[in-house]
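Here the sequence shown is numbered in full-length UniProt numbering, starting from 1 and rising by one per residue.
First comes the structure, then the notes that go with it.
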Amino acid sequence: MVLVTGAGGQVGRSLIQALSAKGISVRAWIHREEQKESVLSAGASEIYIGDLALKENAAKAMKGTDTVFFICNTANPREDEIGAHLIRTAKELGNITFIYHSVLHSLLSDMPHHDRKRKVEKTLIDSGIPYVILQPGVFMQMLLPSIRSVKNGGPFVQKFYASRQTKMSFVDMKDYAEAAARIIASGTFTYGTYEFCSNDPCSLTDMENILSQLTGRTVTSAFISDEDFLENSHMSPDSYAGQTLLTMFRHYNKSSFCGNSFMITQILERNPVSVRDYLAENLETAKSRSSI
Numbered sequence: 001m002v003l004v005t006g007a008g009g010q011v012g013r014s015l016i017q018a019l020s021a022k023g024i025s026v027r028a029w030i031h032r033e034e035q036k037e038s039v040l041s042a043g044a045s046e047i048y049i050g051d052l053a054l055k056e057n058a059a060k061a062m063k064g065t066d067t068v069f070f071i072c073n074t075a076n077p078r079e080d081e082i083g084a085h086l087i088r089t090a091k092e093l094g095n096i097t098f099i100y101h102s103v104l105h106s107l108l109s110d111m112p113h114h115d116r117k118r119k120v121e122k123t124l125i126d127s128g129i130p131y132v133i134l135q136p137g138v139f140m141q142m143l144l145p146s147i148r149s150v151k152n153g154g155p156f157v158q159k160f161y162a163s164r165q166t167k168m169s170f171v172d173m174k175d176y177a178e179a180a181a182r183i184i185a186s187g188t189f190t191y192g193t194y195e196f197c198s199n200d201p202c203s204l205t206d207m208e209n210i211l212s213q214l215t216g217r218t219v220t221s222a223f224i225s226d227e228d229f230l231e232n233s234h235m236s237p238d239s240y241a242g243q244t245l246l247t248m249f250r251h252y253n254k255s256s257f258c259g260n261s262f263m264i265t266q267i268l269e270r271n272p273v274s275v276r277d278y279l280a281e282n283l284e285t286a287k288s289r290s291s292i
C-alpha cells in the first residue's frame, strides 16, 4: 500500500493513475472532503482526510502502508517542517520507504521553495530510512494557458522567458508519474536521487519556431508582467506564494533551468515526451475542443 500525500493535486492524481494502472494499491491523503471523488476516480482504493501539517495525522495515515510518497504544495512555507515530522513518523513506524517529490536543482537556495525542499532532502538522507528523491524539471502542463492563447490565434503568452538566452527543461507530468510508478513497482531504486527532464532545454526562440511550424503561422511571444501574473493567479503581491513564484521566475530568467533526459529515459525504457510532441498534442486537443 502506497500513501500519497497531496493526492488531490494534479501531480498526486497523475501518480495515483500511474500506480493503479500497475495494480498498486493507493491510500490518498487529501485535505478536504470535496477532493474525495477526484482521487477515487484516479484509482485510489483508500482515502485519508486530514491536515498534512498536523503531526497527529501522520501515524494514522501511514498505518498499514509500506511506502510514503510525499508531495507538498510548491508554495507551502512549512514544507520543511511537514517533511521532517512525516519522515520522523515513518522512521518510528519502521519498514516504510519514503519517496520525496522534490525539484530539479534543489540546491538553488535563492528560491525559497527550492531551499525548503533541499532541507527536506537532507532530513530524509540523514534519517537512515530507505528513501528515493525525485527531482523533476518544470512540468509541461504549466504551458497549457500559453497553448490556449496560441490556439486562439494569439501570442505565446508566458512568464518563463525574459530573454532569448534563457533555456528551460520541461517534463511531461504523465511521464514523471509513470517513472515514479516504475520505481515503486521495481523496488530497486532505493537510496537514489533522480533528475527527470525531457529532451534538450528549450529557448524562447525554440518555442516560437516549434509553434510556428505546428500552426502554419508566425507565432510570437508576449511576456506576462508580475502584476498580471499575480492577478491571474489570484495571489496577493505580498503573499508568500506570490513572492516565491516571482522569485522563481526571476531566477529562471537570469540563470536558465536545465537538465537532461538520461535518467527518465532509462527508467521509462523509451524516450520521454518531447516539448514538440506535447505542444502538438495539446494544440490538436485544443482545436478539437474548440470545434465541439
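The beta-carbon is built from N, C-alpha and C at its ideal position, and this holds for glycine as well.
As the structure is a prediction and not an experimental result, all values here were calculated from the model.
| request: Could you tell me whether the stretch 94-114 touches the stretch 129-148, where touching means 3 or more Cβ pairs closer than 8 Å? | output: yes
| said: Let me check one thing: in DSSP terms, what residues is Arg217 bridge-paired to? | reply: The residue given as residue 217 occupies position 217 in the sequence shown. None, per the DSSP bridge assignment.
| Are the beta-carbon atoms of Gly65 and Leu3 separated by less than 7 Å? | Translated into the one-based positions of the sequence shown, residue 65 becomes position 65. Translated into the one-based positions of the sequence shown, residue 3 becomes position 3. Note on identity: in this sequence residue 65 is Thr, with Gly being the wrong assignment. Yes, Cβ-Cβ distance for Thr65 and Leu3 is below 7 Å.
| query | Given that a residue counts as buried once 16 or more other Cβ atoms are within 10 Å of its Cβ, and exposed if not, what is residue 293? | reply | The shown model of the chain, from 1 to 292, leaves out residue 293, and the question about it has no answer.
| field | Element boundaries [alpha helix (DSSP H), containing Leu230] | value | Residue 230 sits at position 230 when you count from the first residue of the sequence shown. Element bounds for Leu230: Asp226 to Asn232.
| Nearest-angstrom Cβ-Cβ length linking Ile71 and Gly9, presumed shorter than 8 Å | Working through the sequence shown from its first residue, we reach residue 71 at position 71. Working through the sequence shown from its first residue, we reach residue 9 at position 9. Rounded, the Cβ-Cβ distance is 7 Å, consistent with contact.
| task | Look at Leu54 and Ala177 and say whether their C-beta atoms are less than 7 Å apart. | result | On the sequence shown, position 54 is the one that residue 54 refers to. On the sequence shown, position 177 is the one that residue 177 refers to. Not closer than 7 Å, so no.
| Can you list, in chain order, the residues of its chain whose CB lies under 6 Å from that of Gly12, leaving out five sequence neighbours each side? | The count along the sequence shown starts at 1 and reaches residue 12 at position 12. The residues are Val4, Gly6 and Ile71.
| Which residue's Cα is closest to the Cα of Leu143: Glu79, Leu230 and Val157? | Locating residue 143 in the sequence shown gives position 143, where the first residue counts as 1. Residue Val157 is the option with its Cα nearest to Leu143.
| field | Supposed close pair Val103, Lys117 - CB separation, criterion 8 Å | value | Looking up residue 103 in the sequence shown gives position 103. Looking up residue 117 in the sequence shown gives position 117. That pair is a contact at about 5 Å.
| Three-state secondary structure (DSSP) at residue 305? | Only positions 1 to 292 of the chain appear in this structure, which leaves residue 305 out of reach.
| field | Backbone secondary structure at Val138 - three-state DSSP | value | Residue 138 sits at position 138 when you count from the first residue of the sequence shown. Of the three classes helix, strand and coil, the one that applies to Val138 here is strand, per DSSP.
| Leu19 vs Met62 beta-carbon contact at 7 Å | Reading the sequence shown from its first residue, position 19 is the one you call residue 19. Reading the sequence shown from its first residue, position 62 is the one you call residue 62. The answer is no: Cβ separation not under 7 Å.
| Environment of Arg270 [buried if 16+ CB atoms lie within 10 Å] | Working through the sequence shown from its first residue, we reach residue 270 at position 270. Classification of Arg270: exposed, given that the 10 Å Cβ count is below 16.
| said: Please report the distance separating the alpha-carbon of Ser274 from that of Asp200. | reply: Indexing the sequence shown from 1 puts residue 274 at position 274. Indexing the sequence shown from 1 puts residue 200 at position 200. Distance between the alpha carbons of Ser274 and Asp200: 9 Å.
| field | Length-filtered (3 minimum) beta strand (DSSP E) runs lying within the stretch 77-114 | value | 97-101
| field | Helix, strand or coil at Ser203 according to DSSP, with G and I counted as helix | value | On the sequence shown, residue 203 is found 203 positions in, with the first residue counted as 1. Strand, per DSSP.
| message | For a test of the three-state rule: what should DSSP assign to Val4, helix, strand or coil? | response | If you number the sequence shown from 1, residue 4 lands on position 4. DSSP places Val4 in strand when its eight states are reduced to three.
| field | Residue from Tyr194, Glu34, Thr218 and Ala21 with nearest C-alpha to Phe262 | value | Your numbering for residue 262 matches position 262 in the sequence shown. The shortest C-alpha separation from Phe262 is found at Tyr194.
| Exposed or buried, which one is Pro237 when buried takes at least 16 other CB atoms within 10 Å? | Position 237 of the sequence shown, counted from the start, is the residue given in the question as residue 237. Its Cβ having fewer than 16 others within 10 Å, Pro237 is exposed.
| Close-in-space but distant-in-sequence residues of the same chain around Asp175 (CB under 8 Å, 5 per side omitted) | Here residue 175 refers to the residue found at position 175 when the sequence shown is read from its first residue. Phe196, Ser198, Ile264, Leu268, Pro272 and Val273, listed in sequence order.
| said: Suppose you measure from the CA of Ser163 to the CA of Met207; what does that come to, to the nearest Å? | reply: Numbered from its first residue, the sequence shown carries residue 163 at position 163. Numbered from its first residue, the sequence shown carries residue 207 at position 207. Their backbone Cα atoms lie some 13 Å apart in a straight line.
| Range of the contiguous beta strand (DSSP E) that encloses Ile30 | For the purposes of this step, residue 30 is taken as residue 30 along the sequence shown, with counting starting at 1. First-last of the beta strand (DSSP E) with Ile30: Val26 to Ile30.
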